[in-house]
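Chemist: Attaching a single structure in structure tokens format; questions to follow.
Residue numbers (our numbering): 624 to 1225.
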């Protein structure tokens, strides 16, 4: 214990940072001859473990979009968690059954309740911390990380008075900043523009009653925005005998909300999928992909992968449709045989519409009656979600990507697609796949439907309107219809975009060459820059020559672009922290200085 203390920093203590802390303590608890260690935790607010998205203080009407059984902050892997009773979320709910009497493994919780579970897990980790480890919590924005001769300093700004505080001699750090960037930096100085909605009570309080509000984005954050401006202001819902919700205004909500997005389509709601039977991937599999030739290991998404994905979507749709008619689709490796069965089916049932993958994915709402057709789409999607994935062809097909995405992530990660093919996937397909698969619980979409029917939401400008700014913002469709609004709310979760608006911390990291933007390159092809930083498969940042800085590891949102689909509480998806903690333990045991590792490529 006479050795100099080692300092480790975790920047960002939302769920991803929490997972890193959990794995680190689990590994360090296994050390027979421990050395003194300081772990410094940095978070924007005092919501350690939960972060802002799962802040326990937020309103209860902000819901999760997947059921309780999928949530567990404790991994099933060695070393075991360093707490006496690592409970899954469902086990935790049972422990608090008096507070949550209706909660089961198949119901949806509020994000505040999940945040409380995460925060309590964080507190358990701190309370069970071994004696040789000291944990320090720092509340504020990390604005600067500087490299010294042997280690690093981390500078953060306190939220109350803006004082800058510096922690020196940091040997190793995990950066789990989550959504550290912003979408439209040029709009920030304008009071009528709200760039991020969380926490909703604080960020949306300036939106006045009776105002007109444009909402950019029609995903989960859009739903939270609408509920915060309606239910959050005293509006009430009551359920009719047929299960439909009716919204009664409080008078404190905005007069009209005008949501819009590139596609103009709302997300497809989903019911419980836990434990429900579904067709396993049959065409988009490792076996099928082994026969695809690549160029330097890179795939063409539209030409090589999408046809297999489309076959799985089609097979699931018709399996359910056949079943509804008392028939069975025989899913065969020779897809031509499946197509033959489908043709015979349509000859037998010519009144049934044919499934078209691209129409299902991209939607076909007529632009002339957007408000009416959007409400009809919402009603249909609610009805199908309530029927469920075991009986509804529509709901089952919307669930397909959830089963394919893990394998796709393996192929996609670290430049697995050709440069312009990656660009095509992100711009043309990723948003639609997210929209159909990871939608809100049925209850929340019923609320959106009720609020719209009460005349508070107008979808007339929902499909990619032109936006102009004079004294107010104006939305225009086809240069004919237009509406002037008092506020523009950005209801999109920002991705990391180093080339556009990196934010203070990442600008600092770029200036010091601690990170560089990732470029997807292939000889003879145009480069593509997805906006993320260049890292290796361990999450270490790399430079132009391929050298990796093993003193720094990134996880979560900052890795999006080199990995896929990090917006999840999943402990398995893109798990950088398990190796980080394991390797760091070995370095500390051997008392090795952090060095850089030469790689052949990034």
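Every residue, glycine too, gets a C-beta built ideally from N, C-alpha and C.
Please give the ranges of any alpha helix (DSSP H) in the stretch 951 to 993, keeping only runs that are unbroken, at least 4 residues long and fully inside the region.
Modeler: If we require 4 residues or more, the alpha helix (DSSP H) runs fully inside the stretch 951 to 993 come out as 958 to 971 and 980 to 985.
Chemist: Hey, how far is the Cα of residue 865 from the Cα of residue 825?
Modeler: Taking the first residue of the chain shown as 1, we reach residue 865 at position 242. Taking the first residue of the chain shown as 1, we reach residue 825 at position 202. Approximately 36 Å between the Cα atoms of the pair.
Chemist: For the 8 Å Cβ check, are there 3 or more pairs between the stretch 732 to 742 and the stretch 1095 to 1103?
Modeler: By the C-beta criterion, the stretch 732 to 742 is judged not to be in contact with the stretch 1095 to 1103, since fewer than 3 inter-stretch pairs fall below 8 Å.
Chemist: In angstroms with no decimal places, state the Cα-to-Cα distance between residue 644 and residue 987.
Modeler: Sequence index remark: in the chain shown, residue 644 carries index 21 (1-based). Sequence index remark: in the chain shown, residue 987 carries index 364 (1-based). Computed Cα separation, rounded: 46 Å.
Chemist: Run through DSSP, which three-state label would residue 754 get?
Modeler: On the chain shown, position 131 is the one that residue 754 refers to. Coil, per DSSP.
Chemist: Buried or exposed for residue 764, please, with buried defined as at least 16 other CB atoms from any protein chain shown within 10 angstroms of its CB.
Modeler: In the chain shown, counting from the first residue as 1, residue 764 sits at position 141. Buried, because 16 or more other Cβ atoms sit within 10 Å of the Cβ of residue 764.
Chemist: Since residue 731 is in the alpha helix (DSSP H), which residue starts that stretch and which ends it?
Modeler: Taking the chain shown and counting its residues from 1, one reaches residue 731 at position 108. Per DSSP, residue 731 belongs to no alpha helix (DSSP H) and is neither H nor E.
Chemist: Could you spell out where the beta strand (DSSP E) holding residue 789 opens and where it closes?
Modeler: Translated into the one-based positions of the chain shown, residue 789 becomes position 166. It spans 787 to 793 - the beta strand (DSSP E) in which residue 789 sits, taken as one unbroken run.
Chemist: Taking the DSSP output, what are the residues bridged to residue 1064?
Modeler: Position 441 of the chain shown, counting from 1, holds the residue named residue 1064. Paired residues: 893.
Chemist: Just how far apart, CA to CA, sit residue 654 and residue 662?
Modeler: Counting from one through the chain shown, the residue named residue 654 turns up at place 31. Counting from one through the chain shown, the residue named residue 662 turns up at place 39. Cα to Cα, the separation comes out at about 16 Å.
Chemist: Closest by CA to residue 1046, which one among 1143, 651 and 892?
Modeler: As a working mapping, residue 1046 is identified with position 423 in the chain shown. Selected option, being the one with the closest Cα: 1143.
Chemist: Distance, Cα to Cα, residue 792 vs residue 755?
Modeler: Counting from 1 along the chain shown, the entry for residue 792 is found at position 169. Counting from 1 along the chain shown, the entry for residue 755 is found at position 132. Spanning the two alpha carbons is a distance of roughly 18 Å.
Chemist: Mind listing, in chain order, the continuous beta strand (DSSP E) runs of no fewer than 3 residues lying wholly within the stretch 1137 to 1189?
Modeler: 1170 to 1172 and 1175 to 1177
Chemist: What is the rounded straight-line gap between the Cα of residue 1160 and the Cα of residue 796?
Modeler: For the purposes of this step, residue 1160 is taken as residue 537 along the chain shown, with counting starting at 1. For the purposes of this step, residue 796 is taken as residue 173 along the chain shown, with counting starting at 1. Between residue 1160 and residue 796, the C-alpha separation is close to 16 Å.
Chemist: Using beta-carbon positions only, say whether residue 1148 and residue 1119 come within less than 8 Å of one another.
Modeler: Translated into the one-based positions of the chain shown, residue 1148 becomes position 525. Translated into the one-based positions of the chain shown, residue 1119 becomes position 496. Going by C-beta atoms, residue 1148 is not nearer than 8 Å to residue 1119.
Chemist: Residue range of the beta strand (DSSP E) that residue 1091 falls in?
Modeler: By one-based count along the chain shown, residue 1091 stands at place 468. Segment 1089 to 1092, the beta strand (DSSP E) holding residue 1091.
Chemist: Name the DSSP beta bridge partners of residue 666, please?
Modeler: Looking up residue 666 in the chain shown gives position 43. DSSP lists 762 as partners of residue 666.
Chemist: Going by DSSP, what residues sit across from residue 1112 in a beta bridge?
Modeler: Taking the chain shown and counting its residues from 1, one reaches residue 1112 at position 489. 817 and 838, per the DSSP bridge assignment.
Chemist: Just list the residues that DSSP pairs residue 1105 with in beta bridges.
Modeler: What you label residue 1105 is simply residue 482 of the chain shown in a count that begins at 1. 1099, per the DSSP bridge assignment.
Chemist: In chain order, what residues of the same chain lie with their CB nearer than 7 Å to the CB of residue 760, ignoring the 5 residues before and after it?
Modeler: Translated into positions along the chain shown, residue 760 becomes position 137. These residues qualify, in order along the chain: 664 and 671.
Chemist: Measuring alpha carbon to alpha carbon, tell me which residue in 849, 1018 and 857 is nearest residue 902.
Modeler: As a first step, residue 902 must be located in the chain shown, where it is residue number 279. The option with the nearest alpha carbon to residue 902 is 1018.
Chemist: Residue 862 lies in the beta strand (DSSP E); which residues open and close that run?
Modeler: Translated into the one-based positions of the chain shown, residue 862 becomes position 239. Start and end: 859 to 862.
Chemist: Are the stretch 833 to 844 and the stretch 873 to 885 touching by the rule of at least three beta carbon pairs closer than 8 Å?
Modeler: Here the stretch 833 to 844 lies against the stretch 873 to 885, with 3 or more beta-carbon pairs under 8 Å apart.
Chemist: Taking the alpha carbon of residue 836 as the point to measure from, which residue in 996, 854, 880 and 818 has its own alpha carbon closest?
Modeler: Numbered from its first residue, the chain shown carries residue 836 at position 213. Residue 836 has its Cα closest to that of 880, out of 996, 854, 880 and 818.
Chemist: What three-state label does DSSP hand residue 711 in the structure shown?
Modeler: Sequence index remark: in the chain shown, residue 711 carries index 88 (1-based). Note: residue 711 maps to coil in three-state DSSP.
Chemist: For residue 818, does the count of other Cβ atoms within 10 angstroms reach 16, so buried, or fall short, so exposed?
Modeler: Taking the first residue of the chain shown as 1, we reach residue 818 at position 195. Buried.
Chemist: Run through the DSSP bridge pairs and tell me what residue 685 is partnered with.
Modeler: Translated into the one-based positions of the chain shown, residue 685 becomes position 62. Bridge partners of residue 685: none, in fact.
Chemist: In terms of residues, what are the limits of the alpha helix (DSSP H) holding residue 871?
Modeler: Counting from one through the chain shown, the residue named residue 871 turns up at place 248. Unbroken run through residue 871 is the beta strand (DSSP E), 868 to 871; no alpha helix (DSSP H).
Chemist: Could you please give the first and the last residue of the uninterrupted alpha helix (DSSP H) stretch that includes residue 939?
Modeler: Your numbering for residue 939 matches position 316 in the chain shown. From DSSP, the alpha helix (DSSP H) with residue 939 extends over 929 to 947.
Chemist: Going by the DSSP bridge assignment, what does residue 634 pair with across the sheet?
Modeler: For the purposes of this step, residue 634 is taken as residue 11 along the chain shown, with counting starting at 1. Per DSSP, 665 and 798.
Chemist: Taking only the alpha-carbon atoms, compute the straight-line gap between residue 961 and residue 967 and give it to the nearest angstrom.
Modeler: One-based indexing of the chain shown puts residue 961 at position 338. One-based indexing of the chain shown puts residue 967 at position 344. Rounded to whole angstroms, residue 961 to residue 967 spans 10 Å at the Cα level.
Chemist: Over the uninterrupted alpha helix (DSSP H) stretch that includes residue 1031, give me the two end residues.
Modeler: Within the chain shown, the letter at position 408 stands for residue 1031. Residues 1023 to 1035.
Chemist: Whose C-alpha, out of 782, 785 and 789, is nearest the C-alpha of residue 776?
Modeler: Here residue 776 is taken as the residue at index 153 of the chain shown, counted from 1. Answer by Cα proximity: 789.
Chemist: Quick check: the stretch 702 to 713 against the stretch 768 to 784, are at least 3 beta-carbon pairs closer than 8 Å?
Modeler: no
Chemist: Counting along the chain, where does the alpha helix (DSSP H) carrying residue 777 start and finish?
Modeler: Here residue 777 refers to the residue found at position 154 when the chain shown is read from its first residue. No alpha helix (DSSP H) contains residue 777, which is instead part of the beta strand (DSSP E) from 775 to 780.
Chemist: Should residue 1007 go down as buried or exposed, given a rule of 16 or more other Cβ atoms within 10 Å for buried?
Modeler: What you label residue 1007 is simply residue 384 of the chain shown in a count that begins at 1. Around the C-beta of residue 1007, 16 or more other C-beta atoms lie within 10 Å, and the residue is accordingly described as buried.
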